[in-house]
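S.K.: Let me begin by handing over the structure; questions about it come next.
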């Protein structure tokens, strides 16, 4: 691109890449500024390196419900660019996708780098000028006409002293999770200075620490469908079922990530315990009958050698230890009270909440720019109509399962479309 850009996108993550690609596709001259040496650094670690691109949910009302209290504002955004549209865009650039459990969508290659490469092809197709290793220090704003409280962004001030002028700006600097990827929250200070309301970001979709040591013995064990029931001072508050992962510090996996913020907020009111049920589709009676059948099949074997037929083998010794039952007990000699203790333990493995891990382990951060300050037809700030904010900069509490990236795709698409449609076409050179 030669001459002055009509659209300047700040941030080369998922939201910034799609915003730049869309604006260029619509004919705008676009420059994309990224502080890292390569685009999409954070994208490469999403979904365990596989990149959970989106979710296959087709009902827009269900989709919107995954984004928390202010989600109604997103109806029009998802109507304009849906999960199906995102899969179609990737297909245009040679990347097919596959649907897995709970509607999670991944690239058929199972590699996040394939998604980044497809988006890079989108940028090349539109002749986007990509400038990496460029840090933006500030936004330069000018007051609007007399009598107006609004402002217009005229340029991005770079750390090296240069400026980049444009007609429209799209801010895609992300939240504060995984700061090693460049998500340091710089953009929040800039929009706050412009009068936007910003709720300071906190870790969200983040693994949790527990007091007890026994999960360490199960480190790396994944339960495909476990129910977590959360208690405050002994009273059950809420529950959720999903995939669970035991770790060296406690618990992770989609069900934990989706509950993490609620659990942390609940803990402000007192001690929180979590009951884990690895067999949520069977009630206690059904589990007891199955255990009795297992015992009857192997009366001479020791209990520790057969409980692994009831629960994952690695969990057997933990269950017996927590139930205070000797694993050397012959199956034929297991007392009814001991058998019930095993069943009760299986249905309610208890841990005590000990806090969240930090932003360096969070999938995303909560908080950000208030939806009340954003025009969702263009993604621009109401008080600064030539500046759009997209993706993780927005204050929506999204669930695990591809929803965070879909927010990036959809808001970036809308912002890029609007910026290109309204940007001026004439232009002096970049300063």
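In the numbering used here, the protein residues as written are 12 to 442. Every residue gets a Cβ at the ideal spot worked out from N, C-alpha and C, and that includes glycine. Model, not experiment: these values are computed from the prediction.
#1: Where do the N-terminal and C-terminal ends of the alpha helix (DSSP H) with residue 173 fall, by residue?
#2: Can the beta-carbon of residue 254 be found less than 9 Å from the beta-carbon of residue 266?
#3: Taking the runs of the beta strand (DSSP E) that are 3 residues or longer, which of them lie wholly in the segment 32–97?
#4: Smallest Cα separation from residue 29: which of 50, 120, 295, 289?
#5: Does the pairing of the segment 114–128 with the segment 138–148 give three or more beta-carbon distances under 8 Å?
#6: Can you check DSSP and say which residues form a bridge with residue 19?
#7: If we count the other Cβ atoms within 10 Å of its Cβ and call it buried at 16 or more, is residue 444 buried or exposed?
#8: Leaving out the 5 sequence neighbours to the left and right, which residues in its chain are closer than 7 Å to residue 39 when beta-carbon positions are compared?
#9: With burial defined as no fewer than 16 other Cβ atoms inside 10 Å of the residue's Cβ, what is the status of residue 406: buried or exposed?
#10: Could you tell me the boundaries of the beta strand (DSSP E) in which residue 117 lies?
#11: Decide yes or no for the touch test of the segment 65–82 against the segment 400–420: beta carbon pairs closer than 8 Å, at least 3 of them.
#12: For residue 441 and residue 140, what's the separation of their Cα atoms in angstroms?
#13: Use the C-beta contact count for residue 110: other C-beta atoms within 10 angstroms, 16 or more gives buried, fewer gives exposed.
#14: When you compare the CB positions of residue 380 and residue 400, do they come within less than 9 Å of one another, or not?
#15: Across which residues does DSSP place residue 233 in a beta bridge pair?
#16: Over what stretch of residues does the beta strand (DSSP E) that includes residue 149 continue unbroken?
#17: Which residues in the same chain as residue 424 place their Cβ atom closer than 8 Å to its Cβ, once the five residues preceding and following it in sequence are excluded?
#18: Return helix, strand or coil for residue 206, following the three-state DSSP convention.
#19: Quick check on DSSP: helix, strand or coil for residue 308?
#20: Is residue 233 near residue 264, with beta carbons less than 9 Å apart?
M.R.: Answer, in terms of the structure:
#1: No alpha helix (DSSP H) holds residue 173; DSSP gives it neither H nor E.
#2: yes
#3: 41–44
#4: 50
#5: no
#6: 42, 180
#7: In the structure as shown, the chain begins at 12 and stops at 442. Residue 444 is therefore absent and cannot be evaluated.
#8: 17, 18, 430, 431, 434
#9: buried
#10: 115–118
#11: yes
#12: Its pLDDT being 39, under 50, residue 441 is placed unreliably by the model, and the measurement read from it follows with that caveat. Each residue's Cα considered, the two are about 12 Å apart.
#13: exposed
#14: yes
#15: 256
#16: 147–154
#17: 29, 30, 33, 91, 92, 96
#18: coil
#19: helix
#20: yes
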